[in-house]
Amino acid sequence: MKIYLGQPPLDIGKGNAQVCGNRQFQYFRKGNTRIYPVILAYAATKLSMMGHKVVFNNWVDDDYDFVFWEVKTPIMEMVWKMVNFYKNVYPNSKVILMGDHITWCAKESGLKCKADGYIVGGHYDQGIMNVIEEWNRIHSVHVINQAFTSDMSKL
1 MKIYLGQPPL
11 DIGKGNAQVC
21 GNRQFQYFRK
31 GNTRIYPVIL
41 AYAATKLSMM
51 GHKVVFNNWV
61 DDDYDFVFWE
71 VKTPIMEMVW
81 KMVNFYKNVY
91 PNSKVILMGD
101 HITWCAKESG
111 LKCKADGYIV
121 GGHYDQGIMN
131 VIEEWNRIHS
141 VHVINQAFTS
151 DMSKL
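Okay, so the sequence shown: first residue is 1 according to our numbering, each after it adds one.
Encoded structure:
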């Protein structure tokens with residue numbers, strides 16, 4: 001499965017919006033310190049070890065099976081527009097939002113954008129794993145060393 005993890009690409013002239021792994025939202029300009037998104041990196045590592053192709057950055061430029069974005073309240077209006085744009089271009093991709101704002105009010109995002117799901121609470125790494133494992137269970141998909149099949153006898 002092809003999975004994207006990260007944050008929406010938000011450089012709106014003020015700098016790069018840092019939302020991952022940071023309790024206090026802020027913009028960083030080029031050359032400033034960036035806060036490494038440890039929880040998403042941990043999830044990316046676990047998914048890669050399970051055989052999934054994982055892209056971990058801040059730019060979505062392709063069709064993925066799943067897109068997981070961590071978001072914060074100050075950027076939600078931009079996020080909703082980006083989700084809607086991405087879903088119009090790649091309607092089969094599943095977009096999952098998570099973060100402080102989603103935990104506080106997931107229903108609002110459900111009304112304002114085409115996201116397919118939400119992870120509420122902290123523990124995004126485990127939430128991401130739960131989403132992927134449940135998807136695989138429902139669709140009888142087995143992942144073994146980057147081979148995907150719904151029939152184990154074909155491996």
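Just so you know, even glycine gets a beta-carbon here, dropped at the ideal spot from N, CA and C.
How long is the line joining the alpha carbons of residue i and residue j, rounded to whole angstroms?
i: Gly39; j: Tyr124; result: According to the sequence shown, residue 39 is Ile rather than Gly. In a straight line, the C-alpha of Ile39 is about 7 angstroms away from that of Tyr124.
i: Gly6; j: Val60; result: 9 angstroms
i: Asp116; j: Asn88; result: 13 angstroms
i: Thr45; j: Ser109; result: 28 angstroms
i: Ala41; j: Tyr4; result: 11 angstroms
i: Met129; j: Trp135; result: 10 angstroms
i: Ile138; j: Gln126; result: 18 angstroms
i: Met78; j: Leu97; result: 13 angstroms
i: Ala43; j: Val95; result: 16 angstroms
i: Met152; j: Asn57; result: Residue confidence for Met152 is low, a pLDDT of 34 falling below 50, so the modelled location carries little weight; the figure read from the coordinates is stated next. Cα to Cα, the separation comes out at about 32 angstroms.
i: Gly122; j: Pro37; result: 13 angstroms
Quick one: what's got a C-beta closer than 7 angstroms to residue i's C-beta in the same chain, skipping five residues either side?
i: Met49; result: none
i: Ala106; result: Tyr118, Val120
Based on the DSSP output, what are the partners of residue i in its beta bridges?
i: Leu5; result: Phe56, Phe68
i: Gly51; result: None; Gly51 has no bridge partner.
i: Ile96; result: Phe68, Gly117
Give me, in chain order, the residues of the same chain whose beta-carbon lies closer than 6 angstroms to that of residue i; leave out the 5 immediate sequence neighbours on both sides.
i: Met1; result: His52, Asp65
i: Trp80; result: Lys112, Cys113
i: Val55; result: Tyr4
i: Met76; result: His101
i: Ile90; result: Note on identity: in this sequence residue 90 is Tyr, with Ile being the wrong assignment. Contacts found: Asp63.
Within a Cβ cutoff of 8 angstroms, which residues of the same chain sit near residue i, ignoring the five residues on either side of it in sequence?
i: Ser93; result: Asp63, Tyr64, Asp65, Phe66, Val67, Tyr86, Lys87
Quick check: residue i and residue j, are their CB atoms within less than 9 angstroms of each other?
i: Val83; j: Trp69; result: yes
i: Ile119; j: Leu47; result: no
Can you tell me whether residue i sits near the ligand ZN, meaning its C-beta is under 8 angstroms from at least one heavy atom of the ligand?
i: Gln7; result: Ligands are entirely absent from the displayed structure, and the ligand ZN is therefore not among its contents.
#### Entry: 3 or more residues per run - each beta strand (DSSP E) lying fully within the stretch 112-136
Annotation note: the stretch 112-136 contains the following uninterrupted beta strand (DSSP E) runs of length 3 or greater, listed N- to C-terminal: 117-119.
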